[in-house]
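Trainee: Chains as they are written, first to last, in the numbering used here: chain A, 911 to 1088; chain B, 7 to 296.
1) I want to see whether chain B comes within less than 7 Å of residue 1029 of chain A, judged by CB atoms only; does it?
2) In chain order, what residues of the stretch 63–92 of chain B put their CB closer than 8 Å to some CB of chain E?
3) Please state whether DSSP places residue 201 of chain B in a helix, a strand or coil.
4) Would you check if the stretch 68–80 of chain B and the stretch 1025–1032 of chain A touch, i.e. whether three or more CB-CB distances between them fall below 8 Å?
5) When you compare each of A:942, A:983, A:973 and A:958 to residue 934 of chain A by their alpha carbons, which one comes out closest?
6) For residue 174 of chain B, which beta-bridge partners are listed by DSSP?
7) Is it buried or exposed for residue 932 of chain A, if we count other Cβ within 10 angstroms and need 16 for buried?
8) Does the stretch 136–151 of chain B touch the stretch 950–959 of chain A, meaning 3 or more C-beta pairs lie closer than 8 Å?
9) What does residue 1038 of chain A reach in chain B if we use C-beta pairs closer than 7 Å?
10) Could you tell me the boundaries of the alpha helix (DSSP H) in which residue 1059 of chain A lies?
11) When DSSP labels each residue in this structure, what does residue 261 of chain B get in the three-state scheme?
12) Tell me whether residue 237 of chain B sits in a helix, a strand or coil according to DSSP, three-state version.
13) Does any residue of chain A have a CB that is nearer than 7 Å to the CB of residue 61 of chain B?
14) With 7 Å as the threshold, decide whether the Cβ of residue 140 of chain B is near any Cβ in chain A.
15) Should residue 1010 of chain A go down as buried or exposed, given a rule of 16 or more other Cβ atoms within 10 Å for buried?
16) Considering only C-alpha positions, which residue in the set B:263, B:78, B:27 and B:62 is nearest to residue 1035 of chain A?
17) For residue 247 of chain B, which of helix, strand or coil comes out of DSSP?
18) Short of 8 Å in beta carbon distance, which residues of its chain neighbour residue 78 of chain B, apart from the five on each side in sequence? Order them along the chain.
19) Within 7 Å of any Cβ in chain B, is that where the Cβ of residue 1075 of chain A sits?
20) Just the chain A side, please: which residues come within less than 7 Å of residue 135 of chain B by C-beta, in chain order?
21) To the nearest angstrom, how far is the alpha carbon of residue 997 of chain A from that of residue 960 of chain A?
22) Closer than 7 Å, Cβ to any Cβ of chain A: which residues of the stretch 198–224 of chain B, in chain order?
23) Output needed in chain order: residues of the stretch 918–944 of chain A with a Cβ under 8 Å from some Cβ in chain B.
24) Cα separation between residue 165 of chain B and residue 47 of chain B?
25) In the stretch 244–266 of chain B, which residues sit with their C-beta less than 7 Å from some C-beta in chain A, listed in chain order?
26) I'd like to confirm the pairing. Which residues does DSSP put opposite residue 124 of chain B in its beta bridges?
27) Mind checking residue 200 of chain B: buried by the 16 CB within 10 Å criterion, or exposed?
28) For a contact defined as C-beta to C-beta under 7 Å, what are the partners of residue 129 of chain B on chain A?
29) Quick check on this structure: which residue in A:937, A:1073 and A:954 has the alpha carbon closest to the alpha carbon of residue 131 of chain B?
30) From residue 110 of chain B to residue 265 of chain B, what does the alpha carbon distance come to, in whole angstroms?
31) Residues of chain B with CB closer than 8 Å to the CB of residue 1053 of chain A, please, in chain order.
32) Mind checking which residues open and close the alpha helix (DSSP H) that includes residue 1007 of chain A?
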């Protein structure tokens, strides 16, 4: 294991930040239609976090938070939660590769996963005949969320000190194991 | 070992979530009720954050307007001058109206009472246009009530919790309101499509519709009271009939929920008026035979 172990304090911080994200999206500042689309910062936060501290994000907790956000934001209940959870799991699986690459690789991986997720969501909603407004809103969601991702990652890195184990630290540990 | 357990857990959670989605699709009202009770439980605790937030956003928008204060001031003066003229006209009309009413002995419909609430949250999603109010069943809010701001119709209450109520705004894709276009008196359906100016559909004769016509609720269907101001008719970019809403959606903060006393219905057609006739002998005979 090269990752930091589970710490309840960090997990608590994650829950707090996730609730903050939901509140940020719910703030009553966009009551008109056709305003700027807000990014899905909860997903961005979870994806950026899972690469840095995967063990502070238990599966059940993450799923519960995504489900709660589905409930609070008037989305079709459960669908986006399962897609977001799979995106996060994908990022979790790729973390060892992504940590050794520069940040743009991580960013691109997130953008790709998000694009696939949004397409799957659109297709499923189309198949289950859920009414959606026509237009390019999913495209806008994609754009603003991808743009917001580096900001979230920077925020996690510098303000909340959520960082991946340093390469030096890893190699030392590895050496000890060997 | 741990990894295998984890994989099973992940599969289980995903299946549960998909199951919830299917349940939502099949038994929508029950899940929506769950959603509402959840919000009812959670969101009123955030109420204290609203007033600093709205004052902050207002400060920002005020600051944006600061640079055109001079221009605005002149504009307002000119408008005030015009308004004074209109006020005079309105006062005269009101007096005239009152006199005519007294002559006619007209009884107006019982006044609609209302309860005001503050917006707690918006929908949080770009796909939905709704708002959550901080008043609910204990304040006498009913499902389906009309909501207005100071100027015009805002939306319809859809979902009432104990302390919160959800309002579907007219701009939401699920919003349908029967309206009347004045002065031509045509009925139409106001259909939201996630833009700021909802569509006007099923107009009887679109040729009679002119931009700038007043659009009011018609009261058809018995859910909304009639003659609530909705907005003015306009033509959209693609030549479709739309309505520019009167309610100030940009600065929605307080919303009135109308409490309409149920109007009396007239059951059936009238009976014959006159002295009660003796029963027809033939039918009485028939009844005895049976």
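C-beta: ideal position from N, C-alpha, C; glycine also.
Mentor: Reading off the structure:
1) Chain B contact via Cβ: absent.
2) The structure shown contains no chain E; its protein chains are A and B.
3) In the structure shown, the three-state DSSP call for residue 201 of chain B is coil.
4) Touching, no.
5) Nearest option by C-alpha distance: A:983.
6) According to DSSP, residue 174 of chain B bridges with B:136 and B:162.
7) Counting Cβ neighbours within 10 Å, residue 932 of chain A comes out buried, since at least 16 surround it.
8) Because the criterion of three Cβ pairs below 8 Å is not met, the stretch 950–959 of chain A and the stretch 136–151 of chain B do not touch.
9) The contacting residues are 31.
10) Residue 1059 of chain A -> alpha helix (DSSP H) spans 1047–1068.
11) Three-state DSSP puts residue 261 of chain B in a strand.
12) Strand, per DSSP.
13) No, residue 61 of chain B lies away from the interface with chain A (no Cβ there is under 7 Å from its Cβ).
14) No, no contact with chain A.
15) It is exposed - the Cβ of residue 1010 of chain A has fewer than 16 other Cβ atoms within 10 Å.
16) Nearest option by C-alpha distance: B:27.
17) DSSP places residue 247 of chain B in the strand class (E or B) of the three-state scheme.
18) So the qualifying residues of the chain are 71.
19) Closer than 7 Å: no.
20) Neighbours of residue 135 of chain B on chain A, chain order: 943.
21) Between residue 997 of chain A and residue 960 of chain A, the C-alpha separation is close to 11 Å.
22) Those residues of the stretch 198–224 of chain B that come within reach of chain A (Cβ to Cβ, closer than 7 Å) are 199, 200, 201 and 202.
23) Here the close residues are 932, 933, 935, 936, 937, 938, 939, 940, 941, 942, 943 and 944.
24) Their Cα atoms are separated by approximately 14 Å.
25) Residues 255, 256 and 258.
26) Answer by DSSP bridge pairing, in chain order: B:260.
27) Answer is buried; the Cβ neighbour count reaches 16.
28) What residue 129 of chain B touches in chain A: 983 and 984.
29) Cα-wise, what sits closest to residue 131 of chain B is A:937.
30) Answer to the nearest angstrom: the Cα atoms are 28 Å apart.
31) Listed along the chain, the chain B residues whose CB falls inside 8 Å of the CB of residue 1053 of chain A amount to none; the nearest CB is some 12 Å away.
32) Segment 1005–1009, the alpha helix (DSSP H) holding residue 1007 of chain A.
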